[in-house]
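If you count the sequence shown from 1, you need to add 64 to reach my numbering.
The structure appears right after this line, and notes come after that.
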Amino acid sequence: RRRLGAHSWLSSVHATSLAAAMLVLFETSGGLALFNVLDEAKLRKVDDLHTHFSSADKAQQIISLKKFIKFEDSTEAVAEAAAVSEGKVGKTLKKLLKKCEDTVGVADAKLGASIKDKLSINCVFDSSINELLRGIRLHAESFLETGEHTKSMQLGLAHGLSRYKLKFSPDKVDTMIVQAIGLLDDLDKELNTYAMRLKEWYGWHFPEMMKIVPDNIMYARTVQKMGFRTSCKSTDFSDILTDELEQEVKDAAEISMGTEISKDDLGNILLLCEQVVELGDYRAQLFNYLKNRMQAIAPNLTVMVGELVGARLIAHAGSLLNLAKFPASTVQILGAEKALFRALKTKHETPKYGLIYHASLVGQAQPKHKGKISRILAAKCALSTRVDALSESDQVTIGLGARQQVEERMRQLEGRPDMSGAGKQGGAKPKPMDVYTAPAAPKPAFNPAGDSTLAAATDEEKAAKKAAKKAKKEAEEANGAEKKKEKKEK
C-alpha cells in the first residue's frame with residue numbers, strides 16, 4: 065500500500081468490488097454510458113480478457129448496458145469531455161451516477177478520486193478495467209444506438225475540444241501576424257532581387273533611366289509602357305511619373321548610350337516587369353492586411369512602435385502572450401541575442417536595443433539619447449503588450465498616453481520646451497524643464513575667537529624671528545662640532 069501511494073483507496077475497494085455489483089463508466093462523443101459487469105470472475109485473468117471480446121455476442125455475455133445519457137448539443141459535449149479529461153465531475157456525469165451505490169470502474173485515477181470525493185462512490189482503476197474498456201470501445205456500436213453520425217460527432221467533438229484547449233478565438237489570432245510578417249519579409253527580398261535583375265537587364269538598352277527612376281515599381285511600370293527606348297518620346301507617362309521625371313527620361317532616351325536589343329529580348333524583359341509589378345501589388349495588399357490585423361489584436365503596441373516593428377516583436381517572441389510575459393529589459397534587446405551573448409563572452413558593453421531600434425520614436429532621438437529612449441519605450445511596450453494580450457478590449461486604452469510620455473521625456477533630454485496640451489488649451493503655461501541644481505552650501509556660523517583686538521604681526525617682526533631662529537641653529541651646529549672634535553682628541 066505504501067508503494068501504491070495516492071491510489072491506495074482504489075486497491076482497497078477492489079477486493080470488495082468483486083463481491084458486490086460492478087459498473088464501468090464509458091465516455092463517447094454522443095454521451096456517457098454505464099455498463100454492468102455480468103461475469104466479474106473473468107476480470108481476474110487480464111491476459112485472457114481480450115478473447116471474450118472477439119465478437120459482439122461474446123461481449124454481451126460479459127457486459128450489458130445499464131444507462132446511457134446523450135449530449136443535447138456540441139457545447140455540452142465539449143464541456144463534459146473537457147471536464148472528464150481534467151479529472152472533474154461534470155453535470156452530465158453527476159446525473160448519470162445519481163443514486164448509484166455500486167463500485168464504478170474508471171479509466172482515470174484522478175477522475176475516480178473526484179467521483180469518490182463529490183459523490184461518495186467507490187471507484188476502481190487497474191489493468192483489468194483498461195482491458196474491459198478497450199473491449200467495450202471495440203463493440204460500442206452494438207451496445208449504443210448512436211446512429212450513422214458517429215464519425216461526424218467524433219470529428220466535431222475533437223475540433224471543439226481542441227479549440228477549448230487552445231482557447232481559440234478567430235478575432236485574436238496572433239499566428240496570422242507571425243505568418244504575414246514572415247511572408248512580407250520574404251516578398252521584400254524577392255522583390256529587390258527581381259528589381260535589381262530587371263535594372264541590370266534593361267540597363268544594357270537604356271542605362272540612364274536607372275538613376276532617373278530609382279523606385280522599383282515605377283521603373284517596372286515605365287519599362288512596361290515604353291518598351292524600346294526609341295518609342296519613349298511618343299509615350300505618355302503622366303500616370304506613372306511626374307512631369308519633371310517624364311521630361312528627363314525622354315531627354316535621356318534621345319542621347320542614350322545603350323545597345324540595341326531584339327523583340328525576343330524585350331519580350332522576356334516585359335515578362336519580368338509583369339512579375340515585379342504583381343509582387344509589388346501583392347506586397348501592398350499584404351501590408352494592409354497586416355496593418356488591420358495588428359490594429360485588431362495589438363492596438364496599444366501598434367500605437368507605440370508601429371505595425372511592422374510590433375509584428376516583428378510578436379513573431380520573434382512566438383506569440384502575443386509570450387511577448388507579454390517578457391520583462392521590459394528583454395523587450396529592449398529582443399532580436400540582438402547574438403550581440404548580447406558575444407558581449408557577455410568578451411566582457412564588452414551589452415547592446416542597448418534590438419528590433420525596437422527601428423521604431424519611429426527611437427529614430428527621432430539624438431544618437432546620444434537612443435539608449436535611454438529605447439529603454440523607456442521598451443517599458444511602455446511591455447505594459448501595452450500585457451494590456452493587449454490579457455484584456456478583452458480591442459481599442460487603444462493606454463497606448464496614446466504612454467507614447468506622449470515617451471515624447472515628453474525625449475524633449476526633456478534634448479532641452480526643448482514641453483509641448484503638452486496644458487498650454488494649448490488656454491490653461492496654465494507649461495512648466496519649464498526640471499533641471500537639477502545642487503543645494504547651496506550652508507553659511508558659516510559666528511566664531512567669537514575671531515574677535516581679537518591685538519594687532520597683527522608686521523613683516524619686520526616676522527623677518528627678525530626668522531633670523532634669530534637661523535642664528536640659533538648655526539650656534540647649535542658649531543657647538544656640536546666642537547664637542548665632536550674634543551671627543552676625537554681624547
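Think of the CB as a built atom: it goes at the ideal place given N, C-alpha and C, for glycine as much as any other residue.
The model shown is predicted, which means the values in this text are computed figures rather than measured ones.
{"Asked": "Identify, in the order they occur along the chain, each residue of the same chain with its Cβ nearer than 7 Å to the Cβ of residue 151, setting aside the five sequence neighbours on each side.", "Found": "172, 174, 175 and 178"}
{"Asked": "Roughly how many angstroms lie between the CA atoms of residue 429 and residue 220, to the nearest whole one?", "Found": "54 Å"}
{"Asked": "For residue 127, which three-state DSSP category applies?", "Found": "strand"}
{"Asked": "Entirely within the stretch 373-437 and at least 4 residues each: give me those alpha helix (DSSP H) ranges in chain order.", "Found": "384-389, 392-396, 401-410 and 424-428"}
{"Asked": "Between which two residues does the alpha helix (DSSP H) containing residue 267 stretch?", "Found": "From DSSP, residue 267 is part of no alpha helix (DSSP H); its letter is neither H nor E."}
{"Asked": "Which stretch, first to last residue, makes up the beta strand (DSSP E) that contains residue 95?", "Found": "95-101"}
{"Asked": "The alpha helix (DSSP H) spanning residue 344 covers which residue range?", "Found": "327-361"}
{"Asked": "Taking contact to mean 3 or more Cβ pairs, one atom from each stretch, closer than 8 Å, check whether the stretch 105-120 and the stretch 194-203 are in contact.", "Found": "yes"}
{"Asked": "For residue 117, which residues of its own chain have a beta-carbon under 7 Å away from its beta-carbon, when the five flanking residues on both sides are left out?", "Found": "123, 199, 202 and 203"}
{"Asked": "Compare the C-alpha of residue 415 against each of 423, 127 and 438 and name the closest.", "Found": "438"}
{"Asked": "Are the Cβ atoms of residue 225 and residue 92 separated by less than 8 Å?", "Found": "no"}
{"Asked": "Which word fits residue 393, buried or exposed, when buried means at least 16 other C-beta atoms lie within 10 angstroms of its C-beta?", "Found": "exposed"}
{"Asked": "With a CB to CB cut of under 7 Å and the five nearest residues on each side skipped, what residues in its chain are close to residue 309?", "Found": "276 and 277"}
{"Asked": "How about the stretch 312-332 and the stretch 240-260: do they share at least three Cβ pairs that are nearer than 8 Å?", "Found": "no"}
{"Asked": "Please tell me whether residue 391 and residue 446 are closer than 8 Å, where the distance is taken between their beta carbons.", "Found": "yes"}
{"Asked": "Quick one: what's got a C-beta closer than 8 Å to residue 156's C-beta in the same chain, skipping five residues either side?", "Found": "95, 96, 133, 135, 140 and 144"}
{"Asked": "In this structure, how does DSSP classify residue 247 when only helix, strand and coil are distinguished?", "Found": "helix"}
{"Asked": "Going along the chain, which residues of its own chain have a beta-carbon closer than 7 Å to the beta-carbon of residue 443, five neighbours each way excluded?", "Found": "392"}
{"Asked": "The ligand SAM and residue 412: does any heavy atom of the ligand fall closer than 7 Å to the residue's C-beta?", "Found": "The ligand SAM is absent from the structure shown, which contains no ligands of any kind."}
{"Asked": "In three-state terms, what does DSSP make of residue 160?", "Found": "helix"}
{"Asked": "When we look at the beta-carbon of residue 294 and count the other beta-carbons within 10 Å, is it buried (16 or more) or exposed?", "Found": "exposed"}
{"Asked": "Which residues in the same chain as residue 395 place their Cβ atom closer than 6 Å to its Cβ, once the five residues preceding and following it in sequence are excluded?", "Found": "442, 445 and 446"}
{"Asked": "Between which residues of its own chain and residue 297 is the CB-CB distance below 8 Å, once the five residues before and five after are set aside?", "Found": "314, 317 and 318"}
{"Asked": "Short of 8 Å in beta carbon distance, which residues of its chain neighbour residue 148, apart from the five on each side in sequence? Order them along the chain.", "Found": "91, 154, 157, 172 and 175"}
{"Asked": "Using the beta-carbon count (16 or more within 10 Å), is residue 405 buried or exposed?", "Found": "exposed"}
{"Asked": "As a quick exercise: from 342, 469 and 378, pick the residue whose alpha carbon is nearest that of residue 288.", "Found": "342"}
{"Asked": "Could you round the C-beta distance between residue 349 and residue 258 to whole angstroms and report it? I think they count as a contact, below 8 Å.", "Found": "About 17 Å separates the two Cβ atoms, so there is no contact after all."}
{"Asked": "Whole angstroms are fine: how far does the CA of residue 418 sit from the CA of residue 397?", "Found": "4 Å"}
{"Asked": "Pull up the DSSP beta-bridge partners for residue 89, would you.", "Found": "98"}
{"Asked": "Residue 132 bridges to which residues according to DSSP?", "Found": "97"}
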